[in-house]
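Asker: For reference, the structure I am asking about is given below.
There are 4 protein chains.
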Amino acid sequence: MSPSALHVRKAPRQRRAVHTVDALLEAAALVLEADGLEGFNTNAVARRAGASVGSLYQYFPSKDALTLALVLREKRKFHEALVAAQALPTCREALASLVDLSARQQLTRPNLARLLDQEEARPEFRAALGDGSNFRLVLSAMLSKPGAPTHLCDDEPRRHLAADDLAAMIRGMTDAAGERGERDVYDLAYRIGAAVFGYLAVPPRQM
Amino acid sequence: MSPSALHVRKAPRQRRAVHTVDALLEAAALVLEADGLEGFNTNAVARRAGASVGSLYQYFPSKDALTLALVLREKRKFHEALVAAQALPTCREALASLVDLSARQQLTRPNLARLLDQEEARPEFRAALGDGSNFRLVLSAMLSKPGAPTHLCDDEPRRHLAADDLAAMIRGMTDAAGERGERDVYDLAYRIGAAVFGYLAVPPRQM
Amino acid sequence: MSPSALHVRKAPRQRRAVHTVDALLEAAALVLEADGLEGFNTNAVARRAGASVGSLYQYFPSKDALTLALVLREKRKFHEALVAAQALPTCREALASLVDLSARQQLTRPNLARLLDQEEARPEFRAALGDGSNFRLVLSAMLSKPGAPTHLCDDEPRRHLAADDLAAMIRGMTDAAGERGERDVYDLAYRIGAAVFGYLAVPPRQM
Amino acid sequence: MSPSALHVRKAPRQRRAVHTVDALLEAAALVLEADGLEGFNTNAVARRAGASVGSLYQYFPSKDALTLALVLREKRKFHEALVAAQALPTCREALASLVDLSARQQLTRPNLARLLDQEEARPEFRAALGDGSNFRLVLSAMLSKPGAPTHLCDDEPRRHLAADDLAAMIRGMTDAAGERGERDVYDLAYRIGAAVFGYLAVPPRQM
DNA sequence: TATGAATGAGTGTTCATTCAT
DNA sequence: AATGAATGAACACTCATTCAT
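Quick mapping for you: the protein sequence lines, in order, are chains W, G, R and A.
For the first sequence, our numbering gives the first residue as 380, with consecutive numbering after it.
For the second sequence, our numbering gives the first residue as 380, with consecutive numbering after it.
For the third sequence, our numbering gives the first residue as 380, with consecutive numbering after it.
For the fourth sequence, our numbering gives the first residue as 380, with consecutive numbering after it.
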């Protein structure tokens, strides 16, 4: 794969072009949500967007680039809300807000969220996504806030690991809930919270 | 899809045939572990097994049947160990053992385990796999053992939901650990245990 | 089979596309005439048309759809001439003209005509071809014209049966003549006429 | 194809072998009648015969050889009855008997008869079947019997052509009747007779 | 710039035929 | 001789990608 095969081919300059790119990304989301990975092909996306494959390839050099752009778009949307959670003063409040966000986002478009989680994990994308999702970094930062377990505050590697664990738990539980068709955000958030705060309440392992 | 499209086409009679079937399944596991879903195609599997596609189709009526057989094989391996865990007297011991098993199994062939988890979720397979993975049922049974949270003992739907949550947490954390390349089973098991027992320690939500 | 699996996938919009579709149909005819059903495969047809398989599948959703389109094309050609025959005033003239047409058409591309007759009979196609070939209906209509045997005029089921018989005789004789490599249309038409009019001259069976 | 690829590989010597060959041929007939050309494959035939593919290939060097043997077997069966018809004194009686036989045979196993007619026409078989089916020769001989049209008695080529025509008419009509599912042998035979004797009643063409 | 027609390597699957047991 | 496991060329069909218009 060419090194640039994953990056948007050119920044859209004209307003129309911006619109086309948006339409393509939204179409990609719709197709993925409705038809799953199986129905997710460039022709279907272009058709859904009311554009032609040719246009798709004007803006995305490959199917993977489109997928990646979609992943980034969804992460970005999520990230804005995350920043607000980040601003909360205590660890507990921040985490609770983050859990709430995660549950809410997942139940909105469960298929999409789950499939993007999967795609994100593909080796081709790991590099392009930076060496860790910012979700993990945000979580790690929250674990430095007042009220966080003391054994994590000072031990950065351990804090990162805990952040990874929490991210994995949250993702696992939200994905499963979405797949099961759960609709009650509050109940789901409560249960995830149980796992998260329960995990943090346990003292570190003594070797 | 024909109703029998997922079931083994014929039982191997001769010793040679048994060997071929085994080789095919093992090759499928190897290919999946090494090349991912992308490289998982019938020709590749047959080649890796030192057999021909024709042989593959003698025993598996479709690619999906092969995948399903692999899923079942891995579940079976795991299930034997699970039965032992199930026999432990208290909820805590049983769960701890299950967590240990899960971590161990995942770190052996992380890619394979993760991809099979994914495949397992495909709608085509749900029916063939019984009405839920037995992992979930085993977990639910463990939550009825002595020492389990009292609020779960009597409330079956809630217990099932908790089992789903625990399964999702465990799966999420093991998958992530596998992807990260973690190798220390004990540490991983300890952290998963933290999440599991932490989750169970939290009282039920008051509506 | 999907309900639309036999219908043209999309109407060609550009001039180039129309040309491709025509080339594919003509290539299908050529391959069928030259190599028989055995050599009639999608790759061969595409190659002969100077196109790629992909193009074939842009316009025909399946091999059967291509075959059906070819059947319809040949029927359409024939049908135009049939309408003229239909317009003749007497039963004798109309039938004679029809026999003439049949002989002429068959000797032009004997293999093609015979194989398409065979394909036409396949159950998958019966539905898509309407509830009977119009050849049969045209024949039946001719048997209602002035000069037709009186015992058929009033008895519709019997007339339809006679039409079936005549169609079968004509088809059988033309097929055989084509296979033998006959080239004299007039002689063939005369002999078929003998069978047709001879058949009609015989009084109905007394039970 | 090797020159001997169509001939029975070896004459079965032992009684058991004779039985196997018969079973294979009968199985071939059953499969062809029940599942059509589509289901007619060597494994299916062997299974139906309670034998293995290997055994099939012991006696028939190729699938075509099996098909050919089946064609010959059916022709032979038919031929014995034909000899009796041949013995009748007048042309009319002989032909009537032949028509009757044809109708009867066709309606017994319509699918089989029709498909074998088709196979018979395949170029690969033409050579192996002698330069004309004996059906044609028998018909020609009948047209030399007392009561036959005088213009055919003396003109051998013309008589052969008439025999071809009659064969084609009969085959065409019986095939169609079988396909339609007709069951009344007498009515069918009467109508074929009409065509046959009608055809013969027409004077030769004056050029 | 946008379109959509064209491409063709790649994938799942079948089945006539061979050959070790 | 009989078995049935193994083979692999062949075929229908898909879809990411290119490019003439």
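Here a beta-carbon is modelled for each residue, glycine too, at the ideal position from N, C-alpha and C.
1. Compare the C-beta of R/R392 with all C-beta atoms of chain A and state if any pair is closer than 8 Å.
2. Which chain A residues sit within Cβ distance under 9 Å of R/R488?
3. May I ask you to report which of helix, strand or coil DSSP gives G/H386?
4. Starting from W/S519, follow the alpha helix (DSSP H) in both directions and report where the run begins and ends.
5. If you compare alpha carbons, which of G/S441, G/D443, G/L403 is closest to G/V424?
6. Is it right to say A/S431 is buried, meaning 16 or more other beta carbons lie within 10 angstroms of its own, or is it exposed?
7. Are any of the Cβ atoms in chain G nearer than 8 Å to that of W/M380?
8. Considering only C-alpha positions, which residue in the set W/S476, W/D533, W/V410 is nearest to W/Q465?
9. DSSP three-state label for G/F589, please.
10. Note down, one range per segment and in chain order, each alpha helix (DSSP H) of at least 4 residues found wholly within the stretch 442-479 of chain R.
11. Using the three-state DSSP reduction, which class does A/V397 fall into: helix, strand or coil?
12. The stretch 545-557 of chain R: which residues have C-beta closer than 9 Å to a C-beta of chain A, in chain order?
13. Smallest Cα separation from G/L540: which of W/H398, W/L508, W/R570, W/S434?
14. What do you get for W/D479, buried or exposed, if any count of 16 or more other CB atoms within 10 angstroms of its CB means buried?
15. Secondary structure at R/L403, three-state DSSP: helix, strand or coil?
16. Identify, in the order they occur along the chain, each residue of the same chain with its Cβ nearer than 6 Å to the Cβ of G/H386, setting aside the five sequence neighbours on each side.
17. Please go through the same chain and pick out, in chain order, the residues whose beta-carbon is closer than 7 Å to the beta-carbon of A/F419, but skip the five residues on each side of it.
18. Taking the alpha helix (DSSP H) that R/L495 belongs to, which residues open and close that run?
19. Give the residues of chain A in contact with R/D566, contact being defined as C-beta atoms less than 8 Å apart.
20. When the cut-off is 8 Å and only beta carbons count, does A/F514 lie next to chain R?
21. Under the three-state reduction of DSSP, which class applies to R/E561: helix, strand or coil?
22. Given A/R452, which residues of its chain have a CB within under 6 Å of its CB, disregarding the five upstream and five downstream residues?
23. Establish whether the CB of G/G418 and some CB of chain W are separated by less than 8 Å.
24. For G/Q485, which three-state DSSP category applies?
25. Does any heavy atom of the ligand HEM sit closer than 7 Å to the C-beta of W/V564?
26. Just how far apart, CA to CA, sit W/Q485 and W/E417?
27. Grouping DSSP H, G and I as helix and E and B as strand, with all else coil, what is A/L431?
28. Considering just the uninterrupted stretch of the alpha helix (DSSP H) at A/A507, what are its terminal residues?
29. Is the beta carbon of W/H499 less than 8 Å from the beta carbon of W/L508?
30. Is the separation between the beta-carbon of W/P468 and that of W/E558 shorter than 8 Å?
31. How close, in whole Å, do the beta carbons of A/D544 and R/A428 come, if the pair is a contact with beta carbons under 8 Å?
32. Taking the alpha-carbon of R/A568 as reference, which of R/Y578, R/G433, R/I549, R/R584 has the nearest alpha-carbon?
33. Have a look at A/S434 and A/K442 and give me their C-alpha separation to the nearest angstrom.
34. Is the beta carbon of R/L522 less than 8 Å from the beta carbon of R/L531?
35. Cβ atoms of G/A555 and G/C470: under 8 Å apart, would you say?
Answerer: A quick look at the data gives this:
1. no
2. Residues of chain A passing the Cβ test: none, with the nearest at roughly 16 Å.
3. coil
4. 513-521
5. G/L403
6. exposed
7. A caution first: W/M380 carries a pLDDT of 41, below 50, which makes its placement in the model unreliable, though a value can still be read off. By this cut-off, W/M380 is not an interface position.
8. W/S476
9. Here chain G comprises residues numbered 380 to 586, so residue 589 of chain G is not present and cannot be evaluated.
10. 442-466
11. helix
12. L545, A546, A547, M548, I549, R550, G551, M552, T553, D554, A555, A556
13. W/R570
14. buried
15. helix
16. none
17. V410, L411
18. 489-499
19. R584
20. no
21. coil
22. L404
23. no
24. helix
25. Ligands displayed in this structure: none; no statement on the ligand HEM is therefore possible.
26. 20 Å
27. According to the sequence provided, residue 431 of chain A is Ser. The question's Leu does not apply to it. Here A/S431 sits in coil by DSSP.
28. 502-507
29. The residue you asked about is not His; residue 499 of chain W is Glu in the sequence shown. Result yes, Cβ atoms of W/E499 and W/L508 sit closer than 8 Å.
30. no
31. 37 Å between Cβ atoms; not a contact.
32. R/I549
33. 12 Å
34. yes
35. no
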